[in-house]
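J.: Per the working numbering, residue 1 is the first one in the sequence shown, and the count goes up by one each step. All residues carry an ideal CB built from backbone N, CA and C; glycine is no exception.
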Amino acid sequence: MTEYKDIFIQAYWWLSLLGGVHCFGVALYIRVLHQSPNANHKSLAGVFALIGFYFLTGIFTKESSPIPVHLMLTLFYPIYFLLMPLLYIYSKQSLYTERYQANYLKHFIPALLIAMITSSAILFRIGIKPNTSDDAITTLADLSHINIFALVLPCFILLQTIIYFVLIYKLLINTHKQNKLTNPPAVLDINFRWICILCSALLLNWILRLALIYLPFYFGDSTFLLQQQAITRLSLLVTIYALAFYGLHQVTRTAYLKGLATQANINTQKLTKTPILDADEMSYLQDVIANESPDKHKD
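1. How should Cys23 be labelled, buried or exposed, when 16 other C-beta atoms within 10 angstroms of its C-beta is the threshold for buried?
2. Report all residues from its chain with a CB closer than 6 Å to the CB of Phe48; omit the five preceding and five following residues, and keep chain order.
3. Return the first residue and the last residue of the alpha helix (DSSP H) that Pro216 is part of.
4. Tell me where the alpha helix (DSSP H) around Phe124 begins and ends.
5. Could I get the ranges of all uninterrupted alpha helix (DSSP H) runs contained in the region 12-83, with 4 residues as the minimum, in chain order?
6. Need the endpoints of the alpha helix (DSSP H) that Tyr169 sits in, please.
7. Count the other CB atoms, across all protein chains shown, that sit within 10 Å of the CB of Ala211; report buried if there are 16 or more and exposed otherwise.
8. Tell me, please, whether the region 162-175 touches the region 84-92 by the rule of three or more beta-carbon pairs shorter than 8 Å.
9. DSSP state of Phe8, grouped into three classes?
10. Touch check for the region 11-19 and the region 233-245: three-plus C-beta pairs under 8 Å?
11. Quick one: residues in its chain with C-beta nearer than 8 Å to the C-beta of Leu71, no 5 flanking neighbours on either side, listed in chain order?
12. State the CB to CB distance for the pair Leu243 and Leu198, rounded to an integer number of angstroms; the pair is presumed to be in contact (CB under 8 Å).
13. Report the CB separation of Ile195 from Leu172 in whole angstroms; it is logged as a contact under 8 Å.
14. Okay, do the region 177-192 and the region 100-116 touch, 3+ Cβ pairs below 8 Å being the bar?
15. Ordered along the chain, which non-local residues of its own chain (more than five positions away) have a Cβ less than 8 Å from that of Lys42?
16. Please classify Met84 as buried or exposed, where buried requires at least 16 neighbouring CB atoms within 10 angstroms.
17. For my contact list, Ser16 and Leu73 are in at a C-beta cut-off of 8 Å; report their separation, rounded to the angstrom.
18. Pull up the CB-CB distance for Ile79 and Phe53, whole angstroms please, since I reckon it's below 8 Å.
19. Buried or exposed for Thr252, please, with buried defined as at least 16 other CB atoms from any protein chain shown within 10 angstroms of its CB.
20. Going by beta carbon distance, what residues of the same chain come within less than 7 Å of Tyr100, once the five residues before and after it are set aside?
21. Leaving out five residues before and five after Ile126 in sequence, what residues of the same chain have Cβ atoms less than 8 Å from its Cβ?
22. Identify, in the order they occur along the chain, each residue of the same chain with its Cβ nearer than 7 Å to the Cβ of Phe81, setting aside the five sequence neighbours on each side.
23. Leaving out the 5 sequence neighbours to the left and right, which residues in its chain are closer than 7 Å to Pro154 when beta-carbon positions are compared?
24. If distances are taken between C-alpha atoms only, which option among Leu151, Ile162, Phe192 comes closest to Phe219?
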């Protein structure tokens, strides 16, 4: 049984490392190679980078962490509050294009406040016992005495997730109604479907994480199970692969449609600039008109 557990722990470690590296690779590709005029690629790259950071937190164990693991995860937790604001900003930038100027500071204020609170709590040991061994954490009661933020912060991030998913849903509904009235270009329709698929995929992973980790954590008197975390990470990794392949397909399709539109504009400009008659034909036509004018005067 111990050997099986060691194998599973190693598999979980490699899964976390693989997911983190791949997500950072996708973020780097989007940030460098897939640039857009309204800079929404920066927000999308930030989303994948934060997901990659979430994966990499799984490689820290009691042996490899320079400080107690529960303290490190508490320090990392404010970073998770950046994910949903970035997803909302990216969705609005993609759907509204140049009409929307993102106010990052307004959306990032909760993350900054939580970072200040958790850092101060650790520094002054308010609600946290930094030197407590992880082996002492066996129940929720023990965890509440050791690190109260480990119980409170998941509730806040769940609340933030619900709020932003509602905002994104309203944004998609309003955009869908406008599209029915205005019949937008195919490129904007592709962006709309991509946002719907991206948000739906992340929402499904949040529901899975809620069902496997948050609900058992709060309603069962136990801490996180490694098997449940592995399932949620594996599901998220498969989702990232699916989104990456679908996104590349949409990029290719968008480039093709933009190429057709550019070619059509070039052909239209050529038709408007090219004269119907060349120089010789125009000269002959002027001679004919000049010869017919005296004949009319004679009549």
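T.: For this structure:
1. Classification for Cys23: buried.
2. Around Phe48, the same chain offers Cys23, Val26, Ala27 as residues with beta carbons nearer than 6 Å, after the five sequence neighbours per side are excluded.
3. 215-219 is the span of the alpha helix (DSSP H), which, as asked, contains Pro216.
4. From DSSP, the alpha helix (DSSP H) with Phe124 extends over 104-124.
5. Complete alpha helix (DSSP H) runs here, min 4: 40-56, 69-80.
6. Per DSSP, Tyr169 belongs to the alpha helix (DSSP H) from 149-182.
7. Residue environment: Ala211 is assigned as exposed (fewer than 16 neighbouring CB atoms within 10 Å of its CB, all protein chains considered).
8. Between the region 162-175 and the region 84-92, the count of Cβ pairs shorter than 8 Å is three or higher; the stretches touch.
9. Looking at Phe8 - three-state DSSP - the assignment turns out to be helix.
10. Touching, per the Cβ criterion.
11. So the qualifying residues of the chain are Ile122, Ile128, Pro130, Asn147.
12. The C-beta separation of Leu243 from Leu198 comes to about 6 Å, placing the pair in contact by the 8 Å criterion.
13. The Cβ separation is near 7 Å, so the contact holds.
14. Taking a cut-off of 8 Å for Cβ pairs, the region 177-192 and the region 100-116 do not touch, as fewer than three such pairs fall below it.
15. Closer than 8 Å at the Cβ level, and outside the excluded window around Lys42, lie Arg31.
16. Answer is buried; the Cβ neighbour count reaches 16.
17. Not confirmed; about 13 Å, so no contact.
18. 6 Å between Cβ atoms; contact.
19. Exposed, since its Cβ has fewer than 16 Cβ neighbours within 10 Å.
20. The beta carbon of Tyr100 lies closer than 7 Å to those of Lys92, Gln93 in the same chain, with the five residues before and after it left out.
21. So the qualifying residues of the chain are Ser120.
22. Pro110, Ala111, Ile114, Ile157, Gln160, listed in sequence order.
23. Cβ neighbours of Pro154 beyond the five flanking positions: Tyr214.
24. Nearest Cα to Phe219 within the set Leu151, Ile162, Phe192: Leu151.
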